[in-house]
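The structure appears below as structure tokens.
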Amino acid sequence: MRRTLAVAEMMSINPIKCRLEDNIVTVSKLMKKYNISSIVVCDENEVKGLITVDDIVQRVVANNENLETTKAKQVMTTDVVSVSPTKSVEEVIEVMNSNSISQLPVMQEKKLMGFVTMKDILRLEPALFDLFTKRLEDDEAERRRFIQKHTNVSSDDI
Numbered sequence: 003m004r005r006t007l008a009v010a011e012m013m014s015i016n017p018i019k020c021r022l023e024d025n026i027v028t029v030s031k032l033m034k035k036y037n038i039s040s041i042v043v044c045d046e047n048e049v050k051g052l053i054t055v056d057d058i059v060q061r062v063v064a065n066n067e068n069l070e071t072t073k074a075k076q077v078m079t080t081d082v083v084s085v086s087p088t089k090s091v092e093e094v095i096e097v098m099n100s101n102s103i104s105q106l107p108v109m110q111e112k113k114l115m116g117f118v119t120m121k122d123i124l125r126l127e128p129a130l131f132d133l134f135t136k137r138l139e140d141d142e143a144e145r146r147r148f149i150q151k152h153t154n155v156s157s158d159d160i
């Protein structure tokens with residue numbers, strides 16, 4: 003039987019961080035510079051939140067907020083879901099699926115150890131791609147059944 007990787011074996015170490023007071027221009031430039039779609043928001047070395055590209059689009063751009071004056075602390079998600087470095091790949095995928103997220107800080111005793119994304123997992127565990135794809139297909143089928151059952155929308159319009 004094949005050994006399952008632990009998160010510590012696939013996480014990015016030294017994740018890119020920003021400060022609570024950094025403006026969205028600074029946060030966006032860090033994301034661009036490091037080609038990342040999420041960034042950990044810290045106060046000193048304590049994780050306070052997480053900002054994704056979607057957060058910037060939905061909470062700043064779509065609301066016509068000023069990129070120069072809007073601070074990371076105003077945009078970040080504060081109820082950050084994280085995993086420990088000893089979790090298995092399967093456990094991490096379950097956490098991601100149950101929270102509808104594709105990236106997670108890796109923390110041990112409130113200390114940021116690293117960051118893991120679905121891309122990291124699929125790069126090292128390609129066999130899991132089929133499992134992940136199947137889960138997405140099942141979720142989509144369930145969503146369609148629910149909509150058909152509870153609305154008058156035809157299956158062609160879903």
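Number 160 marks the last residue of the sequence shown (my numbering); no jumps.
Note that the Cβ used here is the ideal one computed from N, Cα and C, for glycine as well.
- Membership of Arg-125 in any beta strand (DSSP E) is not indicated; the residue belongs instead to the alpha helix (DSSP H) covering 120-126.
- Across the structure, Arg-137 and Met-120 are spaced so that their CA atoms are roughly 14 Å apart.
- Below 8 Å, enough C-beta pairs join the stretch 107-117 and the stretch 81-96 to call them touching: three or more.
- Judged by pairs of C-beta atoms under 8 Å, the stretch 89-105 does not touch the stretch 58-74, as fewer than three such pairs exist.
- Annotation for Met-13: Pro-87, Val-108, Met-115, Gly-116, Phe-117, Val-118 and Asp-122 place their beta carbon closer than 8 Å to its own, counting only its chain and skipping 5 residues before and after.
- Straight across, the Cα-Cα distance linking Ser-102 with Val-9 is about 18 Å.
- Our two residues, Asn-47 and Arg-21, have alpha carbons roughly 10 Å apart in a direct line.
- Linking Glu-23 to Lys-50 through their CA atoms gives a straight-line distance of about 12 Å.
- Beyond the five residues adjoining it in sequence on each side, Asn-25 comes within less than 8 Å, by CB distance, of Leu-69, Glu-70, Thr-71, Thr-72, Lys-73 and Ala-74 in the same chain, given in chain order.
- In the structure shown, the three-state DSSP call for Ser-104 is coil.
- Straight through space, the alpha carbons of Asn-154 and Lys-89 are spaced by roughly 43 Å.
- Under the criterion of beta carbons closer than 8 Å, Val-42 and Leu-52 qualify as touching, at roughly 6 Å.
- Separation of Val-27 and Glu-67 (C-alpha to C-alpha, rounded to the nearest whole angstrom) is 12 Å.
- The C-alpha of Glu-142 is placed about 28 Å away from the C-alpha of Val-63.
- For Gln-76, DSSP records no beta bridge to any residue.
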